Amino acid sequence: MLHYGLLRSLVHIFSLSLVLVACQKNDITESTDYISSVPNRLRLLKQNEKLLLNLYEYIEELEEKIETLQRLAKHLQHPQLAAKGHEEEFLSNPMNSLSLIRQMHSDWNHVEKLMEQSVGQKQLNFIRKRPKLKNVKETFIAMYRIASSYELNATDIAKGLLDGIQTDAKLSPLECYEMGFLYFNGSLYHTAIEWLETAKELMDKTQTDVYALLGLTRSKISYLLARCYTALDNLDIARLVLQSEPDLNAKAEQLLEYFQANKPQKVENDLIEFDSAYAYFCGSSYKPEPTRLHCSYKTSGTPFLRLAPFQMEQISMDPDIFVFHNVISSAEIAILDRETEAFLVPAKVGNSEGEEVTSYRTVNSAWLPHVNVSREVNLLAVRLHKRMSDLSDFNLDSFSDVMQVLKYDFGGHFNIHNDFFNDSSTEDRIATILLYLNDVPSGGGTVFFDLDLTVQPEPGKAVLWYNLNLETFDYEERNIHASCPVKIGSKFALTQWVFEHRQIFNRPCLRPPKFRQYK
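For this note's numbering, add 985 to where a residue sits in the sequence shown, where the first one is 1.
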């Protein structure tokens, strides 16, 4: 029988490491987005449950085979028990000799066939249907973005403490080792050491040997830890790390010599270096200074606003930034959430060579109106265009000025940027309207670094800012901003950009631009 205490520990580790199980070379499934798609993560959790049931089925088949072999072994030991102590007398009986010879020739032949018989082939085939290694890397890079942008340490994250918020989740030594390995490959050795030391501490506290079964030992952690210290030219500590491990002690000097001769080279990677301001403006401890700016109802612009004015709040006067409340209803948000989920794809960022998915913008998006969504959603998009036109006093066309639905999930962010193109050969974006569609438990704020201003998501809240000076159409660089990485939950939003050519009559350029040139 298998030891069920060990089995329970194994199941526990599998449950904590839903994505780590993907680190196998024989996976056969297509690459799937498990970071930005909640339905995909739900399917992954369901798949993990099926894998556990599959494991139990495999164990039952193994036990059935073991029970069969135990019954055979009990039967096949009869000659040994009968002959014990008087072997020659036993074998002098021709019937005993006949039975022994027949058993040795025939019965053991059947035992051999039974032992060679494969067990659980069906379960083995099923367990290969798992996420790809690419998905695992994406998950750890998302955790890197959270840790780096909020300046969180490995020990707190492993305990489930994220920026002062205690969660009920924890990391095992497996995850901490993989984080250390990620930082090591990114040439960030100091942080790699922090994660590897945390992994060792957790290993020392555990009472199970399941981690060794899953490929992680204390000596493996120390090996990589020593490589980090060697890369930093701290040979004395590297030597102590190796000498403290019984499996590495005898060859410590040989390993040090090898590490020095094969120091890792600094490599290009997808690990973004975050400005230190992120931790301050995006963190939960940030408390904005109270302003003396005014709140009012916007009733001018269109006759409809006299009947249903927008609640308007000015949060910056130089440059102007406005917040509008209750722009969209909860029922309309539910429609957008339900109907656009299937069309969300990784958002691309334009550059001189076209558009591509980048590591500094990690969000799934869909454009509205969309030919494949329901008529209900496209009609809602038309209504939203009208509302945004009313609150901004800009002309918006429902078919030309498409809006972008955004879903930021675990670690999702948009690094520091301006919304103008800075391209004299094309029309530029006068303004941006960002409409939040949900609350975010932690993270996900929009931060304007030059203005010392962070706007937190609230369902129905819209933020309006200008990317061009409305008098000269020069670039308004002070509105440089970023979307803080999401720590817990997800961020659902919608962006509408306002382009300059359609505003030629209602917002003309009053003075010549000082710095901008047109072709």
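Every residue, glycine too, gets a C-beta built ideally from N, C-alpha and C.
Please read these numbers as outputs of a predicted model, since none were measured by experiment.
- Between residue 1476 and residue 1440, the CB-CB gap reaches or exceeds 7 Å.
- Relative to the Cα of residue 1318, the nearest Cα in the group 1106, 1486, 1390 and 1379 belongs to 1390.
- Under the three-state reduction of DSSP, residue 1396 is assigned to coil, being neither helix nor strand.
- Annotated three-state conformation of residue 1259 is coil, per DSSP.
- Of the candidates 1104, 1334 and 1083, the residue whose Cα lies closest to the Cα of residue 1350 is 1334.
- Where residue 1431 is concerned, the enclosing beta strand (DSSP E) starts and stops at 1431-1433.
- Sorting 1356, 1306, 1346 and 1308 by C-alpha distance to the C-alpha of residue 1328 places 1356 at the top.
- Counting C-beta pairs closer than 8 Å gives fewer than three between the stretch 1019-1036 and the stretch 1084-1104, which falls short of the contact rule.
- By the Cβ test, the stretch 1408-1420 is not in contact with the stretch 1357-1365, since fewer than three Cβ pairs between them sit closer than 8 Å.
- Each of 1166, 1192 and 1172 was checked against the Cα of residue 1208, and the nearest Cα belongs to 1166.
- Counting other Cβ atoms within 10 Å of its Cβ, residue 1247 stays below 16 and is therefore classed as exposed.
- Closest in C-alpha terms to residue 1399, from the list 1449, 1332 and 1438, comes 1332.
- DSSP places residue 1289 in the helix class (H, G or I) of the three-state scheme.
- Bounds of any beta strand (DSSP E) do not take in residue 1047; it lies within the alpha helix (DSSP H) bounded by 1023-1061.
- Counted as a single uninterrupted DSSP element, the beta strand (DSSP E) harbouring residue 1448 occupies residues 1447-1451.
- Contact annotation: residue 1496 and residue 1457 have beta-carbon atoms nearer than 7 Å.
- CA-CA distance, residue 1110 to residue 1039, rounds to 10 Å.
- A straight line joining the alpha-carbon of residue 1190 with that of residue 1112 spans about 30 Å.
- The C-alpha of residue 1428 is placed about 4 Å away from the C-alpha of residue 1471.
- Bridge pairing for residue 1145: absent [DSSP].
- Taking the Cβ atoms as the reference, residue 1240 lies roughly 7 Å from residue 1211, within the contact range of under 8 Å.
- The Cβ atoms of residue 1295 and residue 1309 sit closer than 7 Å to each other.
- Distance from residue 1183 to residue 1161 at the Cβ level is roughly 5 Å; contact confirmed, criterion being Cβ atoms closer than 8 Å.
- About 5 Å separates the Cβ atoms of residue 1464 and residue 1450, confirming a contact at the 8 Å cut-off.
- Listed in chain order, the non-local C-beta contacts of residue 1306 below 6 Å within the same chain comprise 1300 and 1450, local neighbours out to five positions each way being set aside.
- Cβ neighbours of residue 1286 within its own chain (closer than 7 Å, five residues either side excluded): 1375 and 1378.
- Its chain contains 1104 and 1105 as the residues whose beta carbon lies nearer than 6 Å to that of residue 1046, once the 5 sequence neighbours on both sides are disregarded; these appear in chain order.
- Counting other Cβ atoms within 10 Å of its Cβ, residue 1218 stays below 16 and is therefore classed as exposed.
- A distance below 7 Å separates the beta carbons of residue 1020 and residue 1395.
- Closest by C-alpha distance to residue 1343, out of 1268, 1126 and 1089, is 1126.
- By the criterion of a C-beta distance shorter than 8 Å, residue 1452 is surrounded in its chain by 1403, 1404, 1405, 1413, 1414, 1415, 1416, 1417, 1460, 1461 and 1464, once the five residues flanking it on both sides are discounted.
- Only buried fits residue 1203, as 16 or more other CB atoms lie within 10 angstroms of its CB.
- The beta carbon of residue 1340 sits closer than 7 Å to the beta carbons of 1333 and 1334 from its chain, once the five residues preceding and following it are set aside; these are given in chain order.
- Beta bridge pairing from DSSP links residue 1114 with no other residue.
- Assignment of residue 1339 by DSSP, reduced to helix, strand and coil, places it in the strand class.
- DSSP places residue 1183 in the uninterrupted alpha helix (DSSP H) bounded by 1174-1190.
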